[in-house]
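Here is the structure we will look at.
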Amino acid sequence: MKICGITRLEDALSAIEQGADAIGLVFYAASPRHVSIAQAKSIVENLPPFITTVGLFVNATEAEIVKTIEAVGLNLIQFHGDETPEQCKQFALPYIKAIRVKSDTNLVQYEADFEDAKALLLDTYTEGLVGGTGQVFDWSLIPKTLQKPIILAGGLNSHNVRQAVEQVHPYAVDVSGGVEASKGIKDAAKIAAFIRGVNDAVI
Ligand SMILES: O=C(O)c1ccccc1NCC(=O)[C@H](O)[C@H](O)COP(=O)(O)O
């Protein structure tokens, strides 16, 4: 499970203590959850071992991504914009590709196109927004035939995550807004309730 949009070390440590496997750091200036390189570095260097640090980018330049991954010490890149497969695979780190799903999204084609991706992160398509929308999409749009690991995102919270896991059987779930007190500030009680929801799922 990944807790995304971390901006404070205390939130990262609280999420990890409660069972999160990964944290997401948003390097997208227009996001209310944006972190600077210095902020991200000071979070990452104070994490315990075996936690995956994911850097989220939206249509960033190659130079910006290289500078960030080298400075911060990230493990994985999450591309959340309109990046092509060629752009995604040019970096030293493995990547996951976020796909914003709507009724006509061809996920089978995306899976073929992004064959180098470690996983596809499925988020909600909302006109004019690139992510972190807090909106749920119709999970029945996900073909059961996909071979790649699926990370389910988009409007998950403690009330719907159990049903999401039982219905979709994702490799992992990703949450941001559903465990926040306010944008960029996580709520430890909401994280705990979310993780209970995941653990309660019968699969
Ligand atoms: O969080 C943002 O502000 C953001 C901005 C631009 C692109 C992506 C962004 N967030 C993505 C995520 O936090 C997660 O990967 C995921 O989409 C879950 O978001 P939420 O629906 O809030 O749980």
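At position 152 of the sequence shown (counting the first as 1) the number is 158 in the working numbering, and the numbers step up by one without a gap. We treat Cβ as the ideally placed atom computed from N, Cα and C, and that holds for glycine. The structure presented is a predicted model; accordingly, all values stated were derived computationally and were not measured.
Just the Cα atoms here: how many angstroms apart are residue i and residue j?
i	j	result
Ser109	Thr130	10 Å
Leu147	Gln153	15 Å
Gly30	Cys10	4 Å
Glu92	Ala66	14 Å
Ala69	Gln96	12 Å
Thr151	Val174	12 Å
Gln84	Leu62	5 Å
Asn166	Ile156	17 Å
Lys141	Ile71	Sequence inspection shows Gln at residue 141; the Lys mentioned does not correspond to that position. If you take the alpha carbons of Gln141 and Ile71, they lie about 27 Å apart.
Val78	Gly138	22 Å
Ile201	Glu121	30 Å
Ala26	Gln115	30 Å
Ala209	Pro38	At residue 209 the sequence reads Ile, which differs from the Ala that was named. Cα to Cα, the separation comes out at about 35 Å.
Gln45	Ala187	20 Å
Glu133	Ser20	33 Å
Trp145	Glu172	11 Å
Just to check, is the beta-carbon of residue i closer than 7 Å to a non-hydrogen atom of ligand 1?
i	result
Thr139	yes
Tyr177	no
Arg202	no
Leu82	no
Tyr34	yes
Arg14	no
Cys94	no
Gly184	yes
Ser37	yes
Asp129	yes
Ala170	no
Asp27	no
Tyr17	For the record, residue 17 in the displayed sequence is Asp; it is not Tyr. Flag unset: Cβ of Asp17 not near ligand 1.
Compute the distance between the beta-carbons of residue i and residue j, then report whether it is under 8 Å.
i	j	result
Ile102	Leu82	yes
His86	Val64	yes
Ala118	Cys94	no
Val185	Asp193	yes
Ala125	Tyr177	yes
Ala28	Thr74	no
Pro54	Ile22	yes
Val136	Leu162	no
Phe143	Val179	no
Leu127	Ala170	no
Thr13	Gly190	yes
Tell me, please, whether the CB atom of residue i is closer than 8 Å to any CB atom in chain B?
i	result
Glu16	The structure shown contains no chain B, having only a single protein chain.
(message) So within the segment 79-140, which uninterrupted beta strand (DSSP E) runs reach at least 3 residues, ignoring any that extend past its ends?
(response) Listed in chain order, the complete beta strand (DSSP E) runs (minimum 3 residues) inside the segment 79-140 are 82-85, 101-107, 125-130.
(message) Three or more C-beta pairs under 8 Å: does that hold for the segment 189-208 against the segment 46-55?
(response) no
(request) Write down every uninterrupted run of the beta strand (DSSP E) in the segment 141-186 whose length is 3 residues or greater and which is fully enclosed by it, in chain order. (result) 156-158, 178-181
(request) Just list the alpha helix (DSSP H) runs in the segment 37-84, keeping only unbroken ones of 4 residues or longer that don't cross its boundaries, in chain order. (result) Qualifying alpha helix (DSSP H) stretches, in chain order: 43-50, 68-78.
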